Amino acid sequence: MKGKKRKVLIVDDNPEITSLVSIILENDGYETSVAFTGSAALEKISSYPPELVLLDLNLPDLSGEKVLKRIRKDYEDTAVVIITGFGSEKVAVDLMKGGAVDFISKPFERETLLKAVKSALKIRDNLIEEKRHEGYSSLEEFFPFLAHEVRNPLHAIGGALAIIQRRSNLNDPLVAQSIQIIQEEVQHLNEFVQDCLDFVRPPAANRYTFLEIKELIAAVVNVVSYMFEHRSRKIQITADLDPGLRKVHANYEEMKQAFLNIVKNAFEAMEDGGELVIKACPRSDTGSDWVRIVFSDSGPGIKKEDSKNLFNPFFTTKLRGTGLGLALSKRIIEERHGGRIEVESEEGKGTSVIVELPVEVREEVA
Ligand code: ADP
Ligand code: MG
């Protein structure tokens with residue numbers, strides 16, 4: 046979330062150093078944790094990945110070099126800054142070739158530390174941003190091509206099927222069933238192609254208006270109830286919307302799509318019925334400049350190992366999923382509206398999708 050503390054892991058076998066560094070960083074608004082050995086460091090990284098590791102080279106068990114190697118191999122998104130003792134700068138420079146972004150030598154000043162931490166995080170953020178765009182540009186070219194190649198034959202199949210349907214004996218259950226299967230498969234492919242196109246459709250910057258969250262949610266609930274005609278009788282929807290909620294500067298169609306993907310997932314999760322609660326309120330810590338919308342369902346929840354993949358394009362656990370729904374919602378909410386989306390879930394209890402939107406979109410996003 047905006048204003049969320051950035052996580053730094055401090056790895057050094059000297060408790061005086063770790064506590065000093067920790068105090069300095071905490072005072073500057075970071076969230077820190079500490080490890081005194083290499084193996085403890087790796088454990089912490091796997092259970093609660095930090096964005097940055099400050100790594101001492103001389104650890105009692107594993108060498109700093111080994112720890113760095115492991116981080117580089119398994120935790121691409123974690124940056125490493127080496128802390129060196131007097132005289133080991135040469136090694137530190139070598140380690141920078143091995144993927145550390147910077148090094149600082151002991152003893153260091155408060156300012157040096159803070160500067161190194163800040164710039165290392167910046168380098169990390171830039172790398173992640175670049176990586177994201179690399180992945181997208183190829184999809185951006187591929188999806189329209191795919192859509193074109195798939196849609197034409199689909200039209201032809203649909204047309205031919207209509208003829209077969211007219212001329213066949215639909216009293217033969219096998220024929221009727223076969224026709225139905227083809228129809229469903231064609232529809233599924235059409236939807237898949239539409240999802241792909243929606244995912245890469247460029248943002249329409251000029252269509253931003255001030256929209257009422259209440260209206261948006263009503264529209265989305267409407268569409269979903271229609272889509273899931275059968276299931277919607279078994280799903281109770283409760284909307285708890287703060288009456289003083291401000292309008293949000295956003296693209297209506299896009300935001301509707303983003304919310305629709307979220308609510309669709311909730312419906313799909315609650316196969317045997319359940320409850321969906323949609324809450325909207327001003328975000329508490331910053332007054333009413335942001336609005337917070339939470340969609341909580343009583344479905345089966347999400348497995349822990351799946352939770353880190355939810356927003357990856359093509360990640361799906363459904364037989365008929367595309368895995369593009371949440372990826373697109375994130376794109377719309379975060380990249381195009383400067384907001385945030387997060388999922389919290391507990392297996393067996395349900396899932397909450399939390400969306401936060403700034404009332405005004407920042408210039409560079411719109
Ligand atoms: P799709 O719906 O096509 O699978 P999404 O990107 O919309 O793709 O969702 C990705 C995955 O996230 C789903 O396959 C599902 O495993 C999980 N998921 C999303 N929302 C929920 C939810 N409300 N309850 C349980 N699982 C969910
Ligand atoms: Mg979905």
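The sequence shown begins at 46 in the working numbering and counts up one residue at a time.
From the three backbone atoms N, C-alpha and C, an ideal C-beta is built for every residue, glycine too.
On a predicted model such as this, the values are computed, not experimentally measured, just so you know.
Note: T283 is bridge-paired with V322 in the DSSP secondary-structure output. Assigned with DSSP and collapsed to three states, S397 falls in strand. Contact annotation: L54 and V79 have beta-carbon atoms nearer than 9 Å. Between L166 and A207 a beta carbon distance of about 59 Å is seen, past the 8 Å cut, so the two are scored as non-contacting. For I378 against V400, the beta-carbon gap comes to about 6 Å, under 8 Å, which counts as contact.
Taken in chain order, the complete beta strand (DSSP E) segments of 3 or more residues contained in the region 140 to 223 are 147 to 150. Secondary structure at T63: helix, using DSSP grouped into helix, strand and coil.
For N235, the Cβ stays outside the 8 Å cut-off from all heavy atoms of ligand 1. Comparing C-alpha distances from R155 to each of I90, A145, E71 shows the shortest one belongs to E71.
Relative to ligand 2, the beta carbon of L261 is positioned no closer than 8 Å to any heavy atom.
Taking 9 Å as the cut-off, the beta carbon of L100 is found no closer than this to the beta carbon of F244. A straight line joining the alpha-carbon of E380 with that of D317 spans about 35 Å. Short of 6 Å from the beta carbon of A303, and not among the five residues preceding or following it, lie these beta carbons of its own chain, in chain order: S374, I377, I378. L321 has its CB no nearer than 8 Å to any heavy atom of ligand 2.
Look at L371: its beta carbon is less than 8 Å from one of the heavy atoms in ligand 2. Distances between the C-beta of G384 and the heavy atoms of ligand 2 are all 8 Å or more. With the rule of 3 Cβ pairs closer than 8 Å, the region 158 to 177 does not count as touching the region 185 to 196.
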